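This report concerns only the one structure given below.
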Amino acid sequence: MASNDEYVLVSSPHRTKPISNASHTHTSKSIETILKNNKGDYKIVNNPSKRLTTTCWTLFGFPAQAIDGGEFEIIQGFASCKQCFETFRYVCGSTTSLNQHQCPKSLPRGQQSIKDSVHSSAQRSAIIEKTIRKKKENVKRLCAQWPATSMRPFQIVADPGFKQISQECLSIGREMRSDQPVMVEEILCCDRTVRNEINRMADEGRKELKQKLIDVAQLGGLCLSPDIWTDNYRKVSYLGTTAHYIDEQYRFHSIDLFCTEFKAKRKTGDEILKVIEEQLKVFDLYDYIDLITFVTDRGANFIRGLRHRKVLHCVAHRLNNILKRTFYQQPKQNKKMSKVTPSKSACRVFIDTEITPSKETKRRTPSRQSSPEIGYPYVDNNNENDEDSDSSDDSSNDDEDDEFFLLDYSTTTLENLPQSAKLVIQTIKDCKALVAYVKKASLNREMQLQDEVISNNSTTTDESSLPNGKQSNMVTTLHQSSIVRCLSLSDLLESIKRSNEPLRVILTQRNEQHRIEKINMSIVQQLIEFFQPWKYILKEIQKGNSPSLFAVLPCVTFLKEDLINREKKEKYGMKFFAKRAQQLLNSMFQVDDIHVIGAFLHPNYKTLRFATSTQIDCCHQRCRNAAIPEGIDNAQDEEAPVCEPKQKRQKVFMKSLMDHNVEAKRKKVKQGKDEVDRYIEFDLQGKVYLDPLHFWKENESNFPCLSRLAKRYLSIPCNSAAVEREFSAAGQIISQRRSTIEPSTVDNILFLRSIANNKIKTTTT
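Offset between the sequence shown (1-based) and my numbering: plus 760.
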């Protein structure tokens, strides 16, 4: 039963008094009811105003009541829909409610509004949800038909860009519900328009980024990582470069600056520098090229082209090369270069060609008489000689240990390896051969099915076996190794270990069990454990979304200590490779002063417990010279030797290398001498900073000069992984379907993608 004030407007043919100011006696619901039931005395008239600025008045008007003479008087304070008669309060000219109205009469059939039959919010919500469920079923069928007919990936329906477009279409439909139906062709644009819009947006993005790069370049805080890549379809060469810098808010930025076509016939250093300079002119950075730091691999063309610039070499590439050389995994060399002619004398001379991206360097290294454990020939009689030699190593004095370090394990050729070390190499070869056979015979899927059978037949409970069954498709496939990425060898060994049981069953059924029986699983396990610290470090230092220079000193020191410990505890072949890796790491990688400064600028590593006293004094002095209150003098710091940086590791690993007992290790210095001294004595109160930029942002007022110095140094990444990720994205853009895409369009797409990802990163931090 309605209330009295809801229906005070009563229809009467004898009413003669105007009711133009009767809003206090009516409600929206009462007027709507009378408009529906008494169309003779009440109707909706158009808005008489001649200055209508909104389209809602094509659907709405004012309710009016009949008076003498057949005229109608407007009921002030209300506006009604001409089709469904829904009435709203109209006060102070506000049309918000009118624009949001969705008239059921104007909707297509099947989309009739539920408002006519629903009088409560609860009922309305239930019916709306039911309608949405019906519409969702239709959308689901369309989403399933789209990937099937157009051969698109299933993930395309979950793409953020697709969701944004769909939401915009819904908004357009809601705003234009009172007008004529809108066709999709009227909203969506053609492919040429999309390409032109990408080019326009990329040009605007470069203009917006230009001044930011100039500002950081003037302070020496801009770092570039260039590299060359060739696509797999048209064989077009690209020179890509990523830019790294830290803004005023102490946020680390990594942007794909350009990926332009490299048109020169020869990839010489001069041609590379020419292209880089041309692209820097686009951002007005050519005048600051002497202040820019370049991070590259050791390619000979980049070394020559950037020989007059500030260049740091990629730590990840160097460690990867060391690991490849340790296990003789480098590519096959020219026979003339790798051929070894043994001398008749006791002192053999080995010609070792160092394969790096830069150049081949011949080194003639005298090899002294080898130790008993790697003697020539190596005799393995019931392992008695090995046990004796190992026991003698444990009981040897320091002088005898020094003799072992005089041996150059790094130059030992593959032919002259001790028998136990050859067994390790042979195990690696057998593992690679097994994976190649499994791939050639297409046994990976058969292994997955066999693993499911083993899981179903296991005696474990359903609760414990269910997760294993779910993971079987992921863990029982063998992974191939790549000569470019040595860590893939670790993945290969781990996949063989995980797939051992189903693989044995399948090979036995094919009478090929000898392929796995000849593999020494004990050596496989030792190799996996050997690779573990390298795997941690190499994976973490290739992160490009945060500072990494500070991690070079602690991580490399940790790696050296791990190899020393392995040399002491390992036996036979693995002992040899621990020594070889240690010598290669010491000879091929040197910790430079810039690495020490990077560690010093991280508050949790500022005690420099991994550095020597000379390195510590040099670091403090250079920071004092660079941190001048009246402006930073870049001249002296720019001439300092530069080397390779490194990146942040796993959180747990990096915490284990931090200064846990700072007070005990801190040097006593005079209070308030300068910023460096105050920074050394600054008490962190147990705080742990995984990102050093958080510390400098919090303490910029306490250390203004050092904070500027930190932004300059910590903007330098320790690797060139960012530009390799850019090429990986370019490889996804230049697919078989889009092999004819223009290189300039690829450049614009990569730039816009990088800018968008960078905005998302900065908004979430």
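In this text, a Cβ means the ideal position worked out from N, Cα and C, and glycines have one as well.
Please read these numbers as outputs of a predicted model, since none were measured by experiment.
Once DSSP output is grouped into helix, strand and coil, what is the label at residue i?
i	result
G1059	coil
Q1350	coil
F838	strand
I1243	coil
Y850	coil
L1453	helix
V1422	No answer about V1422 holds up, because its pLDDT of 43 lies below 50 and its placement is not dependable.
Y1332	helix
S1461	coil
F1043	coil
Q825	strand
V1195	helix
C1019	strand
V1448	coil
K799	coil
F1012	strand
L1072	strand
I1501	coil
K805	Reading the sequence as shown, one finds Val at residue 805 and not Lys. Three-state DSSP puts V805 in a strand.
For the alpha helix (DSSP H) that contains residue i, what are its first and last residues?
i	result
V1075	V1075 to T1086
Y1296	M1281 to I1301
L930	P920 to E935
Y1439	E1435 to E1441
S997	That residue, S997, is in no alpha helix (DSSP H); its beta strand (DSSP E) goes S997 to I1006.
S857	T856 to Q860
L1267	N1260 to Q1269
D1211	N1204 to N1216
E1486	A1481 to I1493
I974	D951 to Q978
Compute the distance between the beta-carbons of residue i and residue j, then report whether it is under 8 Å.
i	j	result
L1512	M961	yes
T1237	S1250	no
L979	I1052	no
L1298	A1482	no
F1334	F1290	One point to set straight first is that residue 1334 is Met, not Phe, in the sequence displayed. Yes, the Cβ-Cβ distance between M1334 and F1290 is below 8 Å.
P864	C844	yes
I947	P986	no
K1339	Y1169	yes
I1015	N1518	yes
N1508	N959	yes
C1019	L1510	yes
L1466	A1371	no
P1262	F1012	no
L1267	I1276	yes
I887	S840	no
I1049	R1069	yes
K1471	G981	yes
A977	L1033	no
Buried or exposed for residue i, going by 16 or more other Cβ atoms inside 10 Å?
i	result
N1325	exposed
H861	buried
T730	Here the chain comprises residues numbered 761 to 1525, so residue 730 is not present and cannot be evaluated.
P1477	buried
F1079	A small correction: the amino acid at residue 1079 is Leu; Phe does not occupy that position in the sequence shown. So L1079 counts as buried.
S854	exposed
F848	buried
F922	exposed
N1364	buried
V944	exposed
K1366	buried
M1207	buried
D1211	buried
S1224	The predicted model places S1224 with a pLDDT of 45, which falls under 50 and marks its position as unreliable, so this point remains unresolved.
K1084	buried
E968	exposed
N898	exposed
V1506	buried
R1497	exposed
S1241	buried
What span of residues does the beta strand (DSSP E) with residue i cover, start to end?
i	result
C1526	A query on residue 1526 cannot be resolved here, the shown segment of the chain reaching from 761 to 1525 and no further.
P986	C983 to T990
For the stretch 1057-1068 and the stretch 1014-1032, state whether three or more C-beta atom pairs, one from each stretch, are separated by less than 8 Å. With the cut-off at 8 Å, the stretch 1057-1068 and the stretch 1014-1032 touch.
Check whether the stretch 1297-1311 touches the stretch 1264-1278, counting contact only when three or more Cβ pairs, one atom from each stretch, lie closer than 8 Å. no
Decide if the stretch 1448-1466 is in contact with the stretch 1355-1364; the criterion is three or more beta carbon pairs, one per stretch, under 8 Å apart. yes
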